[in-house]
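Chemist:
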Amino acid sequence: MTTSQIFLVTSTFLACAVEMVEALTIVLATGITRGWRSALIGTLAALATLAVIVAILGPAIALVPIHAMQLVVGTLMLIFGLQWLRKAILRASGRKAMHDEDAIFAAEQAEARKHGRDERAGLDWYSFTICFKGVFLEGLEVAFITITFGAAQQNIGLAAWGATAALIIVLLAGILLHRPLSRVPENMLKYVVGLLLTSFGTFWAAEGMGVEWPGTDLALLGLLGFYAIVAFVLVRQLRAPQAVRVA
Amino acid sequence: MKYIIAFAAFWIDFIVGDDWRIAVAVVVGLAVTAVLVWMGIPAWWVLPVGIAGYLSVSMTRK
Numbered sequence: 003m004t005t006s007q008i009f010l011v012t013s014t015f016l017a018c019a020v021e022m023v024e025a026l027t028i029v030l031a032t033g034i035t036r037g038w039r040s041a042l043i044g045t046l047a048a049l050a051t052l053a054v055i056v057a058i059l060g061p062a063i064a065l066v067p068i069h070a071m072q073l074v075v076g077t078l079m080l081i082f083g084l085q086w087l088r089k090a091i092l093r094a095s096g097r098k099a100m101h102d103e104d105a106i107f108a109a110e111q112a113e114a115r116k117h118g119r120d121e122r123a124g125l126d127w128y129s130f131t132i133c134f135k136g137v138f139l140e141g142l143e144v145a146f147i148t149i150t151f152g153a154a155q156q157n158i159g160l161a162a163w164g165a166t167a168a169l170i171i172v173l174l175a176g177i178l179l180h181r182p183l184s185r186v187p188e189n190m191l192k193y194v195v196g197l198l199l200t201s202f203g204t205f206w207a208a209e210g211m212g213v214e215w216p217g218t219d220l221a222l223l224g225l226l227g228f229y230a231i232v233a234f235v236l237v238r239q240l241r242a243p244q245a246v247r248v249a
Numbered sequence: 002m003k004y005i006i007a008f009a010a011f012w013i014d015f016i017v018g019d020d021w022r023i024a025v026a027v028v029v030g031l032a033v034t035a036v037l038v039w040m041g042i043p044a045w046w047v048l049p050v051g052i053a054g055y056l057s058v059s060m061t062r063k
């Protein structure tokens, strides 16, 4: 397995795991509080919708010329990556509250208890819609990352394996533990995924613009190291007492 | 028409996320890169330097 293939599987696995942990929290909170039937039907409906989108988007993206695809994929990845990385730096420096699955689970349960029962098509409509929305939105980001990452390396199959492995592990953990996976180091994973997406996004977007990277593919490692140092320095600076106060 | 607008709004919100400045910074970085490439000047450093600068400045916001 080459370095870029290892990066590909690792990135899709980690991104998928993080998003799946978040989706699992929503489904568990709703299912435990209001019953499983509608929550699971909402989850399955979201997964089916995602499967249709992936089936359409996957082959379609492969038809785009390589430079145009690198530019589009790189730009999207850079935007996603920077969002993740920026929040991860703020969290690591204590400027933003850590993502806490236990707290989110409790909030979701409190919200689920507040709503009365609204029966539509034989389903508890609140449970169905909340699980559909949660799984669809978290899953869409995973599908996007998996397809674009895989397509840019012309190996969607390998990216899909990374995503599937994460899905199975998170799902099994959820079934066995029956509670939110609060011990998963979610904030650290988001930090790593943010660094990977930002590095790949920079590499492909610039290449799509016609840039020639010094050292060709090795520049990816250079970018990863550079952004890791930038993030580390920013975390240290923001933790320091003389750091600029957040408005 | 209402559904087309809602569909477009969903995708814009999904891609741009909760901080539109990131998308603007990326587009500006790419535009500068494109101009330098067009002028024949090595431009591989523009995005990494621009992103590092953007991240530093953006840390003053939550």
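Those sequence lines, one after another, are chains A and B.
First residue of the first sequence: 3, per the working numbering; consecutive thereafter.
First residue of the second sequence: 2, per the working numbering; consecutive thereafter.
Ideal placement from N, C-alpha and C gives every residue a C-beta, glycine not left out.
Fair warning: this is a prediction, and the values are worked out from it, not measured in the lab.
1) Taking only the alpha-carbon atoms, compute the straight-line gap between VAL232 (chain A) and LEU87 (chain A) and give it to the nearest angstrom.
2) What are the start and end residues of the alpha helix (DSSP H) that includes MET100 (chain A)?
3) Which residues does DSSP pair with PHE122 (chain A) in a beta bridge?
4) Determine, using beta carbons only, whether THR200 (chain A) comes closer than 8 Å to chain B.
5) Report yes or no: is there a C-beta of chain A within less than 8 Å of the C-beta of GLY41 (chain B)?
6) Over the uninterrupted alpha helix (DSSP H) stretch that includes PRO43 (chain B), give me the two end residues.
7) Along the chain, where does the alpha helix (DSSP H) containing ARG181 (chain A) start, and where does it finish?
8) Report yes if the C-beta distance between MET211 (chain A) and ALA7 (chain B) is below 8 Å; otherwise report no.
9) Is the CB-CB distance between VAL75 (chain A) and ALA17 (chain A) below 8 Å?
10) Report the rounded CA-to-CA distance for PHE134 (chain A) versus ILE5 (chain B), giving the unit in angstroms.
11) So, for GLY37 (chain A): in the same chain, excluding its five sequence neighbours on each side, which residues have a beta-carbon less than 8 Å away from its beta-carbon?
12) Take the Cβ of SER95 (chain A) as the centre, count every other Cβ of all protein chains shown within 10 Å, and call the residue buried at 16 or more, exposed below.
13) Taking SER201 (chain A) as the reference, give the member of A:ALA48, A:ASN189 and A:LEU222 with the closest Cα.
14) Can you tell me where the alpha helix (DSSP H) holding HIS69 (chain A) begins and where it ends?
15) Among the residues of its own chain, which have a CB less than 8 Å from the CB of LEU78 (chain A), if the five just before and after it don't count?
16) Counting contacts by CB-CB distance shorter than 8 Å, is ALA7 (chain B) in contact with chain A?
17) Report, in whole angstroms, the separation of the C-beta atoms of VAL213 (chain A) and ALA44 (chain B), which I expect to be a contact under 8 Å.
18) For ALA242 (chain A), name the three-state secondary structure that DSSP assigns.
19) Can you name, in chain order, every residue of its own chain whose Cβ lies under 6 Å from the Cβ of ALA24 (chain B), other than the five neighbours on each side?
20) Just tell me which of A:THR35, A:VAL66 and A:THR5 has its CA closest to the CA of HIS117 (chain A).
21) In chain order, what residues of the same chain have a beta carbon less than 7 Å from the beta carbon of LEU160 (chain A), not counting five sequence neighbours either side?
22) In whole angstroms, give me the CA-to-CA distance for LEU139 (chain A) and VAL66 (chain A).
23) Could you spell out the range, first to last residue, of the alpha helix (DSSP H) harbouring ASN189 (chain A)?
24) Using the Cα positions of THR148 (chain A) and LEU37 (chain B), report the straight-line distance between them to the nearest angstrom.
25) Between which two residues does the alpha helix (DSSP H) holding GLY33 (chain A) run?
26) 8 Å is my cut-off, CB to CB: does MET2 (chain B) come that close to chain A?
27) By the 7 Å beta-carbon criterion, what residues does the segment 26-56 of chain B contribute toward chain C?
28) Using DSSP with H/G/I as helix, E/B as strand and the rest coil, what is GLU143 (chain A)?
Modeler: From the atom records:
1) For the purposes of this step, residue 232 (chain A) is taken as the residue at position 230 of the first sequence. For the purposes of this step, residue 87 (chain A) is taken as the residue at position 85 of the first sequence. Using only the alpha carbons, I get a separation of about 11 Å.
2) Taking the first residue of the first sequence as 1, we reach residue 100 (chain A) at position 98. Going by DSSP, MET100 (chain A) is part of no alpha helix (DSSP H) at all; its letter is neither H nor E.
3) For the purposes of this step, residue 122 (chain A) is taken as residue 120 along the first sequence, with counting starting at 1. One detail in the question is off: residue 122 (chain A) reads as Arg in this sequence, not Phe. Its beta-bridge partners are A:LEU125.
4) Here residue 200 (chain A) refers to the residue found at position 198 when the first sequence is read from its first residue. Closer than 8 Å: yes.
5) For this step, residue 41 (chain B) is matched to residue 40 along the second sequence. With 8 Å as the cut-off, GLY41 (chain B) does not count as an interface residue toward chain A.
6) Stepping through the second sequence from its first residue, residue 43 (chain B) is reached at position 42. According to the DSSP assignment, PRO43 (chain B) belongs to no alpha helix (DSSP H), since it is labelled neither H nor E.
7) Within the first sequence, residue 181 (chain A) is the residue found at index 179, counting from 1. That residue, ARG181 (chain A), is in no alpha helix (DSSP H); it is neither H nor E in DSSP.
8) Translated into the one-based positions of the first sequence, residue 211 (chain A) becomes position 209. Translated into the one-based positions of the second sequence, residue 7 (chain B) becomes position 6. No. Outside cutoff.
9) By 1-based counting over the first sequence, the position of residue 75 (chain A) is 73. By 1-based counting over the first sequence, the position of residue 17 (chain A) is 15. Going by C-beta atoms, VAL75 (chain A) is not nearer than 8 Å to ALA17 (chain A).
10) Residue 134 (chain A) sits at position 132 when you count from the first residue of the first sequence. Residue 5 (chain B) sits at position 4 when you count from the first residue of the second sequence. C-alpha of PHE134 (chain A) to C-alpha of ILE5 (chain B): approximately 21 Å in a straight line.
11) What you label residue 37 (chain A) is simply residue 35 of the first sequence in a count that begins at 1. ASP126 and SER129, listed in sequence order.
12) One-based indexing of the first sequence puts residue 95 (chain A) at position 93. Counting Cβ neighbours within 10 Å, SER95 (chain A) comes out buried, since at least 16 surround it.
13) Your numbering for residue 201 (chain A) matches position 199 in the first sequence. Selected option, being the one with the closest Cα: A:LEU222.
14) Here residue 69 (chain A) refers to the residue found at position 67 when the first sequence is read from its first residue. That run of the alpha helix (DSSP H) goes 68-94.
15) As a working note, residue 78 (chain A) is residue 76 in the first sequence. The beta carbon of LEU78 (chain A) is closer than 8 Å to those of PHE146, THR150 and GLY203 in its chain, skipping five residues each way along the sequence.
16) Here the question's residue 7 (chain B) lines up with position 6 in the second sequence. Chain A contact via Cβ: absent.
17) Along the first sequence, one-based indexing puts residue 213 (chain A) at 211. Along the second sequence, one-based indexing puts residue 44 (chain B) at 43. About 5 Å; that satisfies the 8 Å criterion.
18) Taking the first residue of the first sequence as position 1, residue 242 (chain A) is located at position 240. Correct three-state label for ALA242 (chain A): coil.
19) For the purposes of this step, residue 24 (chain B) is taken as the residue at position 23 of the second sequence. The answer, listed in chain order, is VAL17.
20) On the first sequence, residue 117 (chain A) is found 115 positions in, with the first residue counted as 1. With distances taken between Cα atoms, HIS117 (chain A) lies closest to A:THR35.
21) The count along the first sequence starts at 1 and reaches residue 160 (chain A) at position 158. So the list reads GLN7, LEU10, VAL11 and GLY152, once near-sequence residues are dropped.
22) Numbered from 1 along the first sequence, position 137 holds the residue referred to as residue 139 (chain A). Numbered from 1 along the first sequence, position 64 holds the residue referred to as residue 66 (chain A). Straight-line spacing of the CA atoms in LEU139 (chain A) and VAL66 (chain A) works out to 25 Å.
23) Counting from one through the first sequence, the residue named residue 189 (chain A) turns up at place 187. Boundaries of the alpha helix (DSSP H) harbouring ASN189 (chain A): 188-210, taken from the DSSP string.
24) Counted from its first residue, the first sequence places residue 148 (chain A) at position 146. Counted from its first residue, the second sequence places residue 37 (chain B) at position 36. Rounded to the nearest angstrom, the gap between the Cα atoms of THR148 (chain A) and LEU37 (chain B) is 31 Å.
25) Looking up residue 33 (chain A) in the first sequence gives position 31. Element bounds for GLY33 (chain A): 5-36.
26) Mapped onto the second sequence, residue 2 (chain B) falls at position 1. Interface residue (Cβ-Cβ distance to chain A less than 8 Å): MET2 (chain B) is not classified as such.
27) Absent from the structure: chain C. Protein chains present are A and B.
28) Numbered from its first residue, the first sequence carries residue 143 (chain A) at position 141. Residue state, collapsed to three classes: helix.
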